[in-house]
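Protein chains in written order, with the working numbering: chain A, 1459 to 1923; chain B, 18 to 193; chain C, 15 to 584; chain D, 3 to 166. Here is the structure we will look at.
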Amino acid sequence: MSQIKYIAGKEPHANETRVIFKNVDRESWDPSIETYLQDGGYDQQKKAFQMEPGEITAEVKTAGLRGRGGAGFPAGLKWSFLPPNNDKPVYLICNADESEPGTFKDRYIIHQDPHQLIEGMAISCFAVGANLAYIYIREEFPEGAQILETAIAEAHRKGFLGKDILGTGFELEIYVHRGAGAYICGEETGLIESLEGKRPYPRIKPPYFPAAMGLYLCPTIVNNVETLCHVKHIIGMGGENWSKTGTPNNTGTRILCVSGDVEKPGYFEVQVGKVTLGELINDMCGGLKAGRKLKAVIPGGSSAKVLRADETFKLGKDDDAKEISIWDIPMDFDTLAACGSMAGSGGVIIMDDSRSMSWVINNLNNFYAHESCGQCTPCREGSLWMKKITDRVVAGKAAPSDIDQLDAVARNIDGRTICAFGEAASWPTESFVAKFRDELIADTNPELEDAFVNAEALTAAANLK
Amino acid sequence: MAIVVDRPKLKWWEHLYLPALAKGLRITLGHFFKMLRGNTKVTMQYPEEKWDANLPDHYRGAPALVTDEQERERCVACQLCEFICPPRAITIKPEEIPSDDKWAKVEKRPKVFDIDMIRCIYCGFCEEVCPEQAIYLRKDYAITGTSREEMVHDKEKLYEIGGVRVGLVNKWNALK
Amino acid sequence: MSDEKPDLVDVQIDGEWHQFPKGTRMIEACRQASVEVPHYCYHPKLTSPGNCRMCLVEMGMPPRPHPGEATPEADENGHLPISWMPRPVIACANTVAPNMGIRTNSELTEDCREGVMELLLANHPLDCPICDQAGECTLQEFSVEHGQGESHFREQKVKKPKNVDVGPRIRLDDERCIMCSRCVRFTDEIADDPVLGFTDRGSHTVLTVYPGKELANNYSLNTVDICPVGALTSNDFRFQMRVWFMKEVKTIDVNCATGSNITVYQREGQIYRITPRQNNDVNSDWMPDSHRLNFHWINGEDRLTDPMVKEGNSHRITSWQEALATTADKLAGIEGSEIAVIASASMTNEELLMVNRLVKHLNVGHVDTVPREGENDNYLVAADRNPNTNGVKLVLGLDNPGSQLDAIKKGIKEGRIKALLCLQENLVDDAGFDGETLDKLDFFLTAHPIANPTADFADVVLPGGCWAEKSGTMINVAGRLQRLNKVIDGPGQTLEPWEVVRDLIQVTGGGNGIYSALDIFKQLTEEISEFSGLTWGRIGDLGLPLIETGKTIPLLEREKERITQGLIVG
Amino acid sequence: MALEVPSELEKEIDDRITHYPVSRRSAVLPVLHALQHHFGFISEDSVEWAAAKLELEPIKVLEVVTFYPGFRQSAPGKYHIRVCRTLSCAMAGSYELMDSICKKAEIDRSGVTHHDPIAVSNDGKFSIEFAECLASCGTGPVCLVEDDFHEAVTDVDALLSQYK
């Protein structure tokens, strides 16, 4: 990899291991298929198409690839959920609806290296037996959608897509499907409903597990952009070899997107678990802004529970137990889960001591209230309620008891909704109330407590008619 | 068993009745002078005068409908009072408020609201059950009439007795 | 246990073990075990979107041992221990599994219900005193059972459109809507008229009818029935009467041969509302609007309340005695062969048996009923708009009802028929008789609930009770015997039609010992083999299959199809 | 009344529909995107045209149109700006960016509501709305002007001067 030159000022950090992002910011690189082919592009597809589909799935399983979309579910296992004696068509959908606040990795893959994704998808389709695949790309990436369509057309011309690919008789069409600005379309069943032309209301599971009853009620695999790209590299390196990067059960590389109060926010492809949060912030992002101290970190996209800077975390069991500070958290799935948060989609949001936590949680609650699809009761009513409470907290019109109510509303949503949006919307509030309770209460006005008890006085105070 | 009461046997001066007359006049004159000094109570001129001022706050007189400070009929014809009324004295016929009415957003009001005061037992259940704070027992206690029809208080009469009652009704509290 | 019946699974509900067929939804299993699971969006005749989250229950399965761990052991009854799941599940879309445990009374379940109730009420306008649904509103009911009793909501509620006309018969209040989507699913899946939908999203989601369109199909009022709150209300019933004042009577619809099962709501002799009553062999849970709303005439101005006899050109109110005596006088001089009887296929089997008696007693020459044919709407409205044509065939013995009408007309015109007894029919409007023909008769009697044009020509007019004022049985299009029950008393001197016919028999010299419609039914069971062994009690609220007609009800057939596909519970 | 759809647009739409061989309904989003791209927003006529094209009941199209903030139901300005307001961008100053764009382009956002999120400048040249996360959190504040992505926007004058 040493021969690859990157654009000046955008060179990867020494801690990085660039696999997926190998070509991002590469000097004299463009998204055309010619460039891609000169760099050994589509070799892995050729290799994979010589294999049995089952072998590919086995390799992905061996590699231990965990989904990069947010839940971290093993991709190989997901594929193996396809019904064994299936006579319906199988579909593969690439989830490029990157909409988790704090995450911005897929846009670079799509914009700069679209063929990597197409190759990864072609291999995955071959593995699961899908002849029709869609890339569900968010509407806010208009350029990305065009780049992908151009790339698909190129791949078609070169015979990597279409009928009888590489002489194997395998047929595959990939189409780009643009969303229209809804976070819920990142949820796989919501995405499927959207792709079916309906309101993207997530489906109930059971019975609508996509692997059995997905798009058009046929078996469907939905994977994230980054996950599908990894499939190409797993074939290239072999599952066993691939799994040697990263740490056990948290294999491979993944892209961490850092935003917020650091000197140099950006994206970093690192081996999972090999970089700690401290290294990420201080070494790779140039540390916090001058004179500022770390206050809080959201480690895996806005839905992940917040970590407080002065927290300590107990890891391991019994004798192996050790206590670590926030700086020492390795950025992998299992450790972050053990710390009470999650690796999610890899979006790390850093907040320094200049930030008001009331303002931060209000901003997030605004997002979730806006994005709730409104299908099921808890999230529909609860997300707006939480927003309204934090609106008042920020405006200084809340009483201390409102903070308890805020937490109660979040707990009323958590675990009781159709899809994971319920958790996504309630976890930030739950964690901010748990960890920054004093600060939130400090933003309230105890004198208002009486006013709320006396609704008549409140109405008068609010000048309501 | 009958009780026999013996008549008192009167003395001769008692037969004259003059001492009794004098005794009576003495009392009357005593009251007369007390009255001149302002030391006596005078009989209330009922029915021109009434007891209202002396009635306790919880007194349960005739039920009546009230309007709010904006002259809105508080009653929305939910018919709960009709339901709860033990002697079934209340009859309500609801109607939709026309869309051009100032209070069209309330949607519903009583078209007919009758309370049969011959039946009413002044129990106060109607006041207690009313979710809109629209019906109250006022202090009127002498409900009279010369026919059964007159004893049925219609909507107009009920508002006449009831008058205006200020204060918040939950329904119109934007926070409820 | 489960070895003996392989299609049954053992399920523990609130600590007690039950057995249910495989594939039973948890909510239905609980219902069968007499445990109520509160719900809003779930409806057995519609698909389950699982969106209200009210039916969340605690669920558990036998523990799955890790490799090396001991497998769980069954107790003496063959039941495995249950490890309870930390997350609640919805009971409406999940099916039972062997050795599953369901807790509907646990802390977690109660907490979920309380939480969902609070959120449902957060933006709900608490205008129950105005709302027509009050008293039969599941939001009210479950809020009493599972709610907190006080609101913690300190925010401004979301404002949405109120009092929206979504169709000619329906008003929508969006603030009351809890987005259960039952109405949307009904219009999509059952009425095939998808005009309703949700617009906007999140807490601002609004139920809308597409601009410029109307929810106007003939089944639209069913959406009002299935709306669990007062979001959709019926214009016809709106603000007419609170539900707690009304008495409910189970009976059947008489507007067509389907005989939809209905509940009639009345207060003090006035009918306010009719709703469909579940009968999975007749009308499922639905009924057409046209039938549902066809009752206002019962309390209408032109009801006949007293017997009348014709004097000169006008009718005079009289007593039953005089009306019947007049009839006897007139009929005395007329031969049986010169008499025609036109009965009605809207009469009950009991009434038709009495008509049969009258016909035999007078030795009547011509008997018929008036057929009413319309279009089968391919849902619930049968082509035959008479409710008891099958009864006419079976009890009155007419093989081809309506075939004699022309002959009767001709006979009257030619003077061969001198007397006509018209029972519960409107010959002028519905059978093509004209005044000229009817004037030729020496004697013309009509018995009917309303003063129709036919009555103008009658010598004797008798007030016969309508369907809501009588009891009896009818046979629907598919051959099902169903009970018609009396809802209210007829106005004035009205008698039930069987009494009218009985009195006609008595006054013309026939005698019988019949004192109730039930007596007639007893005679039916003795005289007609199909009825043998039956009682009104045995027919019950849902009726019994009586004869084979080879006809089906289209909506039911589609519903059966959807049940086999597993889309709905049914 | 009826929407006039140019033949090349209709051809493009027909081509898009072929991407969904299983169900025409799936093409709702692409058809609406094409119509919005051409007409600037989704009018009632567009909804009905799309419904007829896809053999759907119009309510099914309206349900979709109103769900997605990406579809506008009223005419935007000549250039439509979407400013990201979610956490990372907000920390980087997107609210300030919104204010300065509004000031510079003379846009009054006081009438903005949930149902009507778009404000149009006095001259009709620009319209603006807040959008949720545009997925470029590392380079905030970001905004989309029509289909152009602008990262780390600090110079509002330079931004707006690109659009004549």
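Backbone N, C-alpha and C fix where the C-beta goes; we use that ideal spot for every residue, glycine too. Given the structure is predicted, the values throughout are model-derived calculations rather than measurements.
Going by alpha carbons, who is nearest to residue 1810/A out of 1907/A, 1752/A, 1687/A? For this step, residue 1810/A is matched to residue 352 along the first sequence. It is 1752/A.
Alpha carbon to alpha carbon, what distance is there between residue 94/D and residue 148/B? Within the second sequence, the letter at position 131 stands for residue 148/B. Within the fourth sequence, the letter at position 92 stands for residue 94/D. C-alpha separation (whole angstroms): 52 Å.
Where the region 222-254 of chain C meets chain B: residues whose CB sits under 8 Å from a CB there: 252, 253, 254
Just checking: is the beta-carbon of residue 3/D within a distance shorter than 8 Å of some beta-carbon in chain C? Within the fourth sequence, numbered from 1, the residue matching residue 3/D stands at position 1. Confidence at residue 3/D is low in this model, with a pLDDT of 49, below 50, so its placement is unreliable and the value that follows should be read with caution. No - not a single Cβ of chain C is within 8 Å of the one on residue 3/D.
The beta strand (DSSP E) enclosing residue 488/C, as first and last residue numbers: Position 474 of the third sequence, counting from 1, holds the residue named residue 488/C. Note, residue 488/C: beta strand (DSSP E), 486-489.
Going by C-alpha distance, which of 133/B, 118/B, 130/B, 113/B is nearest residue 124/B? Your numbering for residue 124/B matches position 107 in the second sequence. Of the listed residues, the one whose Cα sits closest to residue 124/B is 113/B.
If you draw a straight line from the alpha carbon of residue 1920/A to that of residue 145/C, how long is it in whole angstroms? Mapped onto the first sequence, residue 1920/A falls at position 462. Mapped onto the third sequence, residue 145/C falls at position 131. Legend: pLDDT at residue 1920/A = 43, less than 50; position of this residue unreliable, value from coordinates given subsequently. Using only the alpha carbons, I get a separation of about 27 Å.
Selection from 360/C, 474/C, 51/C that minimises the alpha carbon distance to residue 328/C: Residue 328/C sits at position 314 when you count from the first residue of the third sequence. Out of 360/C, 474/C, 51/C, 474/C has the C-alpha closest to the C-alpha of residue 328/C.
Per-residue contacts from residue 119/D into chain C (C-beta, under 7 Å): Position 117 of the fourth sequence, counted from the first residue, corresponds to residue 119/D. Correct list: empty, because the minimum Cβ distance to chain C is about 11 Å.
Going by beta-carbon coordinates alone, are residue 266/C and residue 274/C separated by less than 8 Å? As a position in the third sequence, residue 266/C is number 252, starting the count at 1. As a position in the third sequence, residue 274/C is number 260, starting the count at 1. Yes, these two residues count as a Cβ contact at 8 Å.
Pull up the distance between the alpha-carbon of residue 1741/A and that of residue 1787/A, whole angstroms please. Position 283 of the first sequence holds residue 1741/A. Position 329 of the first sequence holds residue 1787/A. Each residue's alpha carbon lies about 14 Å from the other.
Could you list which residues in chain A have their beta carbon closer than 8 Å to that of residue 134/C, in chain order? By one-based count along the third sequence, residue 134/C stands at place 120. Ordered by position in chain A, the residues that pass the 8 Å Cβ test against residue 134/C are 1835, 1839.
Would you say residue 9/B reaches chain C, if we count a Cβ-Cβ gap shorter than 8 Å as a contact? Because residue 9/B is not part of the residues shown, which for chain B are 18 to 193, the question remains open.
In chain order, what residues of the same chain lie with their CB nearer than 7 Å to the CB of residue 542/C, ignoring the 5 residues before and after it? Taking the third sequence and counting its residues from 1, the one referred to as residue 542/C is at position 528. Contacts found: 408, 409.
Please state whether the Cβ-Cβ distance between residue 197/C and residue 241/C is less than 8 Å. For the purposes of this step, residue 197/C is taken as the residue at position 183 of the third sequence. For the purposes of this step, residue 241/C is taken as the residue at position 227 of the third sequence. In contact: residue 197/C and residue 241/C (Cβ atoms closer than 8 Å).
Counting Cβ pairs closer than 8 Å, one from the region 372-384 of chain C and one from the region 338-355 of chain C, do we hit at least three? yes
Determine the DSSP secondary structure at residue 1699/A, reduced to helix, strand or coil. In the first sequence, counting from the first residue as 1, residue 1699/A sits at position 241. Helix, per DSSP.
Just grab the DSSP bridge partners of residue 108/B for me. Indexing the second sequence from 1 puts residue 108/B at position 91. In the DSSP output, where bridge partners are listed per residue, residue 108/B has 131/B.
Within-8 Å CB hit, residue 88/D to chain A: Taking the fourth sequence and counting its residues from 1, the one referred to as residue 88/D is at position 86. So yes, residue 88/D belongs to the interface.
Which of the three DSSP states is assigned to residue 119/B in this structure? In the second sequence, the residue the question calls residue 119/B occupies position 102. The answer is coil: DSSP assigns residue 119/B none of H, G, I, E or B.
Reduced DSSP category for residue 292/C - H, G, I as helix; E, B as strand; rest coil: Locating residue 292/C in the third sequence gives position 278, counting from the first residue. In the structure shown, residue 292/C sits in coil (DSSP, three-state: anything other than H, G, I, E or B).
Let me see if you follow: with CB-CB separation under 8 Å, is residue 1654/A close to chain D or not? Here residue 1654/A refers to the residue found at position 196 when the first sequence is read from its first residue. Output row for residue 1654/A: interface = yes.
Alpha carbon to alpha carbon, how far is residue 230/C from residue 211/C? Give it in angstroms, no decimals. Residue numbering aside, residue 211/C sits at position 197 when the third sequence is read from its first letter. Residue numbering aside, residue 230/C sits at position 216 when the third sequence is read from its first letter. Between residue 211/C and residue 230/C, the C-alpha separation is close to 15 Å.
Beta-carbon of residue 1822/A versus every beta-carbon of chain D: anything under 8 Å? Here residue 1822/A is taken as the residue at index 364 of the first sequence, counted from 1. Yes, its Cβ sits closer than 8 Å to a Cβ of chain D.
Among 1511/A, 1468/A, 1484/A, 1556/A, which has the Cα closest to the Cα of residue 1760/A? On the first sequence, residue 1760/A is found 302 positions in, with the first residue counted as 1. When each option's Cα is compared against that of residue 1760/A, the closest is 1556/A.
Check the Cβ-Cβ distances between residue 69/D and every residue of chain C, and say whether any is below 8 Å. What you label residue 69/D is simply residue 67 of the fourth sequence in a count that begins at 1. Cβ-Cβ to chain C under 8 Å: yes for residue 69/D.
What in chain A is Cβ-close to residue 126/C, meaning under 8 Å? Position 112 of the third sequence, counted from the start, is the residue given in the question as residue 126/C. Chain A residues near residue 126/C: 1874.
Please go through the region 1803-1865 of chain A and give each complete beta strand (DSSP E) segment of 3 or more residues, from N-terminal end onward. 1805-1810
Name, please, each residue of chain B whose Cβ falls closer than 7 Å to the Cβ of residue 177/C. As a first step, residue 177/C must be located in the third sequence, where it is residue number 163. Residues of chain B passing the Cβ test: 124.
Please report whether the beta-carbon of residue 143/C lies at a distance below 8 Å from any beta-carbon of chain B. If you number the third sequence from 1, residue 143/C lands on position 129. Taking Cβ atoms only, chain B reaches closer than 8 Å to residue 143/C, which makes this a yes.
Return the first residue and the last residue of the beta strand (DSSP E) that residue 1520/A is part of. Taking the first sequence and counting its residues from 1, one reaches residue 1520/A at position 62. Taken as a continuous stretch (DSSP letters only), residue 1520/A belongs to no beta strand (DSSP E), being part of the alpha helix (DSSP H) at 1511-1521.
Locate the alpha helix (DSSP H) running through residue 427/C, then write down its first and last residues. The residue given as residue 427/C occupies position 413 in the third sequence. Per DSSP, residue 427/C belongs to the alpha helix (DSSP H) from 419-427.
Using a Cβ-Cβ cutoff of 9 Å, what residues of the region 93-104 of chain B are near chain C? List them in chain order. 93, 94, 95, 96, 97, 99, 100
When you check each C-beta in the region 1578-1603 of chain A against every C-beta of chain C, which residues fall closer than 9 Å? none
Where does residue 35/C sit, in a helix, a strand or coil, going by DSSP? Locating residue 35/C in the third sequence gives position 21, where the first residue counts as 1. DSSP places residue 35/C in strand when its eight states are reduced to three.
DSSP-derived helix/strand/coil call for residue 2/C: Residue coverage of chain C in this structure runs from 15 to 584, which leaves residue 2/C outside it and unanswerable.
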